[in-house]
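Residue numbers (the numbering used here): 136 to 535. These notes are about the structure you will find just below.
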Ligand code: AMP
């Protein structure tokens with residue numbers, strides 16, 4: 136029986152999901168957290184049961200070794216050769232990668248060479264790929280890029296209005312992210328709406344710890360809120376989203392703790408967003424608790440968060456000249472009924488209305504009234520499945 140692993144390696148984490156393919160059956164999944172720190176944790180979910188193991192995990196290679204141990208221990212594989220494919224999420228593909236790629240030494244080199252486009256993500260993604268190449272050298276290894284779906288953006292959308300030389304010499308442009316998710320939920324939304332995706336104008340809101348909004352016309356991404364790196368666009372858990380760049384030299388000149396541009400960018404990436412404004416948390420569940428108990432900073436952070444979402448969604452009504460549906464997905468989009476309610480109520484002028492009884496936690500599908508001229512859908516994302524499917528395509532190609 137052939138098995139495929141879907142892998143999402145972060146700087147201190149590695150998420151995995153094991154599939155039986157082509158049946159698309161999830162056999163097990165898990166996550167290694169706090170890799171490189173003394174209190175690392177490995178969690179595996181097998182047959183609905185969580186197995187938690189605490190032990191020091193020094194790097195991604197050790198995490199993958201432990202994963203192999205776990206798969207054997209729970210009889211999920213008898214022999215590693217059963218794992219015939221490994222698909223890796225890679226955040227930035229730059230202008231090189233318009234679709235998924237078979238990992239070769241050259242591809243790995245290119246992924247590393249564009250780390251400036253996703254400094255928090257690409258080096259970790261590459262470490263994940265290398266660890267699996269060492270332990271499963273015979274498996275088909277595929278890189279699936281978050282930016283690939285957005286390579287259909289027209290130049291007027293992806294270019295920044297700065298002198299052309301900075302695009303021509305340094306490829307400074309908008310690349311976007313979360314492409315696999317925007318693609319998947321737009322295709323699922325088309326099924327729910329009962330129309331081919333080619334005939335639909337959709338606005339997809341991937342709202343998790345990282346968040347991005349996309350305008351999708353006829354199944355193709357025509358604009359998206361993230362920019363040169365995943366720092367752009369809406370406010371996020373720890374990221375500021377869009378900022379006026381003039382703040383950077385001003386803060387370096389005035390704040391003794393911020394010495395250079397990198398310090399300011401690190402602050403925008405790691406200490407801003409919901410965390411920076413609420414001063415309580417970067418996590419929406421905790422923010423909601425703090426807001427509902429009357430914490431003023433938490434109330435402001437929530438209001439700013441919803442405000443930025445509304446602004447980007449309304450921009451895309453303009454980009455698309457109207458839309459058939461707004462789709463909510465990812466941790467907050469799928470689970471937080473307050474965010475959905477407040478975003479949709481604030482955009483009711485566009486003809487959107489939801490049924491309060493349908494807008495509940497765990498809601499899936501169409502939650503809008505029959506009169507709503509723009510449908511509002513909740514669609515759980517499944518980036519892991521998209522990755523596993525891409526690996527499957529390469530396996531078939533190679534067998535030909
Ligand atoms: P993600 O990055 O897609 O995993 O999403 C993480 C975000 O989703 C965090 O801000 C979580 O607080 C939020 N989230 C997850 N579950 C819930 C929930 N039940 N209600 C509100 N927010 C949630």
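Think of the CB as a built atom: it goes at the ideal place given N, C-alpha and C, for glycine as much as any other residue.
Original post:
Does at least one heavy atom of ligand 1 sit under 7 Å from the Cβ of residue 423?
Top reply: Position 288 of the chain shown, counting from 1, holds the residue named residue 423. Because some heavy atom of ligand 1 lies under 7 Å away, the Cβ of residue 423 counts as near it: yes.
Subject >> Residue from 306, 290, 210, 496 whose Cα sits closest to the Cα of residue 248 >> reply: As a first step, residue 248 is located in the chain shown; it is residue number 113 there, counting from the start. If we check each option's Cα against that of residue 248, 306 comes out closest.
**OP:** Using a threshold of 8 Å, state whether the C-beta atoms of residue 543 and residue 288 are closer than that.
**Re:** Here the chain has residues from 136 to 535 only, and residue 543 is not among them.
Original post:
Relative to the alpha-carbon of residue 514, which residue among 317, 535, 177, 500 has its alpha-carbon at the smallest distance?
Top reply: For the purposes of this step, residue 514 is taken as residue 379 along the chain shown, with counting starting at 1. Ranking 317, 535, 177, 500 by Cα distance to residue 514 puts 500 first.
Subject >> Inter-residue Cα distance where the pair is residue 457 and residue 336 >> reply: Sequence index remark: in the chain shown, residue 457 carries index 322 (1-based). Sequence index remark: in the chain shown, residue 336 carries index 201 (1-based). One C-alpha to the other measures close to 7 Å.
Original post:
Can residue 103 and residue 201 be called in contact, C-beta distance under 8 Å?
Top reply: Since the first residue shown for the chain is 136 and the last is 535, residue 103 is missing from the structure and cannot be characterised.
**OP:** Report whether the distance from the Cβ of residue 372 to the nearest heavy atom of ligand 1 is below 7 Å.
**Re:** For this step, residue 372 is matched to residue 237 along the chain shown. Flag set: Cβ of residue 372 near ligand 1.
**OP:** Pull up the distance between the alpha-carbon of residue 392 and that of residue 411, whole angstroms please.
**Re:** Here the question's residue 392 lines up with position 257 in the chain shown. Here the question's residue 411 lines up with position 276 in the chain shown. Looking at the two C-alpha atoms, the distance is approximately 16 Å.
Original post:
Which residues bound the alpha helix (DSSP H) around residue 413?
Top reply: For this step, residue 413 is matched to residue 278 along the chain shown. 408 to 413 is the extent of the alpha helix (DSSP H) around residue 413.
**OP:** Please list, following the chain, all residues that have a C-beta closer than 5 Å to any non-hydrogen atom of ligand 1.
**Re:** 343, 344, 418, 419, 420, 465, 466, 467, 470, 471
Subject >> alpha helix (DSSP H) runs wholly inside the stretch 159 to 225, at least 4 long, in chain order >> reply: 195 to 208
**OP:** Put residue 378 into one of helix, strand or coil per three-state DSSP.
**Re:** Within the chain shown, the letter at position 243 stands for residue 378. Three-state DSSP puts residue 378 in coil, outside helix and strand.
Subject >> Beta-carbon spacing of residue 228, residue 267 below 8 Å >> reply: For the purposes of this step, residue 228 is taken as residue 93 along the chain shown, with counting starting at 1. For the purposes of this step, residue 267 is taken as residue 132 along the chain shown, with counting starting at 1. No. Outside cutoff.
Subject >> Beta-ladder partner(s) of residue 355, from DSSP >> reply: Stepping through the chain shown from its first residue, residue 355 is reached at position 220. Answer is 352, bridged to residue 355.
Original post:
Considering only residues of the same chain and omitting the five flanking positions on each side of residue 533, which have a CB-CB separation below 7 Å?
Top reply: Position 398 of the chain shown holds residue 533. Hits under 7 Å: 275.
Original post:
Can residue 467 and residue 419 be called in contact, C-beta distance under 8 Å?
Top reply: In the chain shown, the residue the question calls residue 467 occupies position 332. In the chain shown, the residue the question calls residue 419 occupies position 284. Yes, they are a contact pair.
Subject >> Among 166, 254, 413, 341, the one whose alpha carbon lies nearest that of residue 447 >> reply: As a first step, residue 447 is located in the chain shown; it is residue number 312 there, counting from the start. Selected option, being the one with the closest Cα: 341.
Subject >> Host alpha helix (DSSP H) of residue 277 (start-end) >> reply: Sequence index remark: in the chain shown, residue 277 carries index 142 (1-based). Premise fails: residue 277 lies in the beta strand (DSSP E), 275 to 280, not in any alpha helix (DSSP H).
Subject >> DSSP bridge partner residues for residue 155 (one or two, in chain order) >> reply: Position 20 of the chain shown, counted from the first residue, corresponds to residue 155. The partner list for residue 155 (beta bridge, DSSP) reads 138, 160.
**OP:** Identify whether residue 464 lies in helix, strand or coil by the three-state DSSP scheme.
**Re:** The count along the chain shown starts at 1 and reaches residue 464 at position 329. Strand, per DSSP.
Subject >> Beta-carbon proximity check, residue 211 vs residue 162, cutoff 8 Å >> reply: For the purposes of this step, residue 211 is taken as the residue at position 76 of the chain shown. For the purposes of this step, residue 162 is taken as the residue at position 27 of the chain shown. The answer is yes: Cβ separation under 8 Å.
Subject >> Sufficient close CB pairs (3 or more, under 8 Å) joining the stretch 298 to 313 to the stretch 373 to 390 >> reply: no
**OP:** Check each candidate in 168, 373, 324 and name the one with the smallest Cα separation from residue 343.
**Re:** Here residue 343 is taken as the residue at index 208 of the chain shown, counted from 1. Selected option, being the one with the closest Cα: 373.
Original post:
Any idea which residues DSSP pairs residue 500 with across the strands?
Top reply: By 1-based counting over the chain shown, the position of residue 500 is 365. Residue 500 pairs with 513.
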